Amino acid sequence: MIHQADRVLIMGILNVTPDSFYDGGRAYETDAAIDKALAMIEQGADIIDIGGESSRPGADAISVEQELDRVIPVVRRLRAKSSILISVDTTKAAVARASLDAGADLVNDISALRFDPAMASTIAQAQAMVVLMHMQGTPQTMQQAPVYQDVVTDVCAFLMERAQFALDAGIARDHIIVDPGIGFGKRLEHNLELLRQLPKLASCGYPLLVGLSRKSFLGQILDLPASERLEGTIVLNAVAILGGASIIRVHDVKEGRRTADVAVRLRT
Ligand code: 7PM
963 MIHQADRVLI
973 MGILNVTPDS
983 FYDGGRAYET
993 DAAIDKALAM
1003 IEQGADIIDI
1013 GGESSRPGAD
1023 AISVEQELDR
1033 VIPVVRRLRA
1043 KSSILISVDT
1053 TKAAVARASL
1063 DAGADLVNDI
1073 SALRFDPAMA
1083 STIAQAQAMV
1093 VLMHMQGTPQ
1103 TMQQAPVYQD
1113 VVTDVCAFLM
1123 ERAQFALDAG
1133 IARDHIIVDP
1143 GIGFGKRLEH
1153 NLELLRQLPK
1163 LASCGYPLLV
1173 GLSRKSFLGQ
1183 ILDLPASERL
1193 EGTIVLNAVA
1203 ILGGASIIRV
1213 HDVKEGRRTA
1223 DVAVRLRT
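Note that our numbering numbers the sequence shown so that position 3 is 965, with each residue one more than the last.
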């Protein structure tokens, strides 16, 4: 069971993209990624989210071969070392299938099953879990003046439509997690309104994942770079937990774990 009143799951972010330290497939890079994953597990992570494709606004797409080279060795080695839940952050069915075959448990698809027509059946076949994330536009275009009629209503309607699509494809109801996609095609005020009204999204019948860690809207508020956004991340993670989030996605696992263990005690 993903949603629990008395426990919030921590998803630790493991980037295996070349714009971090990783260049694909080479042994020392896989070693470094595994060391990072094991450190996050030590710090209290419940899920490790392995991502080989940058979802940075305007980032170039990468080939399926490149993404497989980066992601699969890490999934395989982590699976051999730990029983932690392994998530693969991908929009490509071929990467999802190979990851699930290598022992991953869930697929974090920022396109909510829209970019690859084979994604939904791939996940259904493997009886895996899926994160359905809201995004207006594509990673290339999403921050070009996003507009909503009512951001909470629009995001909720989108997530319910994508959840129905997943159910129709044969994904089990209790394998679906939804995510408002903070920062994905949203202005500062859209992100804040989604957080204010998170209880509305949390009451839609699916466990809620929220990713706030070091995001650029915190930089807009604080006028600080990503390396200086930890306090903003912590306070908004607490707000998300009080708003009903079941999973928080973080770079800083130790702080995320402690935030969750305290904030969850105020939930009613
Ligand atoms: C640049 C911009 C680099 C944005 C990285 C990002 C989420 C996610 C990401 C999220 C789910 C980041 C994002 N964010 N998956 N992947 N939910 N489900 O800040 O909020 O990590 S990438």
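Quick reminder that beta carbons are idealized off the backbone N, C-alpha and C, glycines included. For clarity, every value in this text was computed on a predicted model and none was experimentally measured.
What is the DSSP secondary structure of Gln1089, counted as helix, strand or coil?
Sequence index remark: in the sequence shown, residue 1089 carries index 127 (1-based). DSSP places Gln1089 in coil when its eight states are reduced to three.
I'd like to confirm the pairing. Which residues does DSSP put opposite Ile1009 in its beta bridges?
Along the sequence shown, one-based indexing puts residue 1009 at 47. Partner(s): Met973 and Leu1047.
Would you identify the three-state DSSP class for Met1095, choosing helix, strand or coil?
Within the sequence shown, the letter at position 133 stands for residue 1095. Here Met1095 sits in strand by DSSP.
The ligand 7PM heavy atoms versus the CB of Ile1203: any closer than 6 Å?
Here residue 1203 is taken as the residue at index 241 of the sequence shown, counted from 1. Outside the cutoff, so no.
If I measure Cβ to Cβ from Ala1086 and keep anything under 6 Å in the same chain, skipping five residues before and after, which residues do I get?
Locating residue 1086 in the sequence shown gives position 124, counting from the first residue. Around Ala1086: Ala1131, Gly1132 and Ile1133.
Taking Ile1034 and Ile1009 to be in contact with their CB atoms under 8 Å, please state how far apart those CB atoms are, rounded to whole angstroms.
Reading the sequence shown from its first residue, position 72 is the one you call residue 1034. Reading the sequence shown from its first residue, position 47 is the one you call residue 1009. About 18 Å separates the two Cβ atoms, so there is no contact after all.
For Gln1182, which of helix, strand or coil comes out of DSSP?
Residue mapping note: residue 1182 aligns to position 220 of the sequence shown, counting from 1. If DSSP states are grouped into helix, strand and coil, Gln1182 belongs with the helices.
Excluding five sequence neighbours on each side, which residues of the same chain lie with their C-beta closer than 8 Å to the C-beta of Leu1184?
In the sequence shown, the residue the question calls residue 1184 occupies position 222. Around Leu1184: Glu1190, Arg1191 and Gly1194.
Any chance the CB of Asn1199 is under 6 Å from a heavy atom of the ligand 7PM?
Locating residue 1199 in the sequence shown gives position 237, where the first residue counts as 1. Every heavy atom of the ligand 7PM is 6 Å or more from the Cβ of Asn1199, so no.
At a cut-off of 6 Å, would you count Met1081 as near the ligand MG, judging by its Cβ distance to the nearest heavy atom?
For the ligand MG, the structure offers nothing, since it holds only the ligand 7PM.
Under a three-way DSSP split, which group does Gln1105 fall into?
For the purposes of this step, residue 1105 is identified with residue 143 of the sequence shown, where counting begins at 1. The answer is coil: DSSP assigns Gln1105 none of H, G, I, E or B.
Across which residues does DSSP place Gln966 in a beta bridge pair?
In the sequence shown, the residue the question calls residue 966 occupies position 4. In the DSSP output, where bridge partners are listed per residue, Gln966 has Arg969.
Taking only the alpha-carbon atoms, compute the straight-line gap between Ala967 and Lys1162 and give it to the nearest angstrom.
On the sequence shown, position 5 is the one that residue 967 refers to. On the sequence shown, position 200 is the one that residue 1162 refers to. Rounded to the nearest angstrom, the two C-alpha atoms are 16 Å apart.
Start and end of the alpha helix (DSSP H) containing Leu1154?
Position 192 of the sequence shown, counted from the start, is the residue given in the question as residue 1154. That run of the alpha helix (DSSP H) goes Leu1150 to Arg1158.
To the nearest angstrom, how far is the alpha carbon of Val1224 from that of Glu1217?
Residue mapping note: residue 1224 aligns to position 262 of the sequence shown, counting from 1. Residue mapping note: residue 1217 aligns to position 255 of the sequence shown, counting from 1. Cα to Cα, Val1224 sits roughly 11 Å from Glu1217.
Can you name, in chain order, every residue of its own chain whose Cβ lies under 6 Å from the Cβ of Thr1221, other than the five neighbours on each side?
In the sequence shown, the residue the question calls residue 1221 occupies position 259. Closer than 6 Å at Cβ, skipping near neighbours: Ile1196, Asn1199 and Ala1200.
Name the residue from Ile1003, Ala1055 and Ala1128 whose alpha carbon lies nearest to the alpha carbon of Glu1027.
Working through the sequence shown from its first residue, we reach residue 1027 at position 65. Checked all of Ile1003, Ala1055 and Ala1128; the closest Cα to Glu1027 is Ala1055.
My output table needs one value for Leu1174: the three-state DSSP class, helix, strand or coil.
Translated into the one-based positions of the sequence shown, residue 1174 becomes position 212. Correct three-state label for Leu1174: coil.
In this structure, does DSSP put Asp1071 in helix, strand or coil?
As a first step, residue 1071 is located in the sequence shown; it is residue number 109 there, counting from the start. Three-state result, Asp1071: strand.
Looking at Asn1070: is its Cβ nearer than 7 Å to the Cβ of Asp1011?
The residue you call residue 1070 lines up with position 108 of the sequence shown. The residue you call residue 1011 lines up with position 49 of the sequence shown. Going by C-beta atoms, Asn1070 is nearer than 7 Å to Asp1011.
Any heavy atom of the ligand 7PM inside 6 Å of the beta-carbon of Ile972?
Here residue 972 corresponds to residue number 10 of the sequence shown, with the count starting at 1. Result no, Cβ not under 6 Å from the ligand 7PM.
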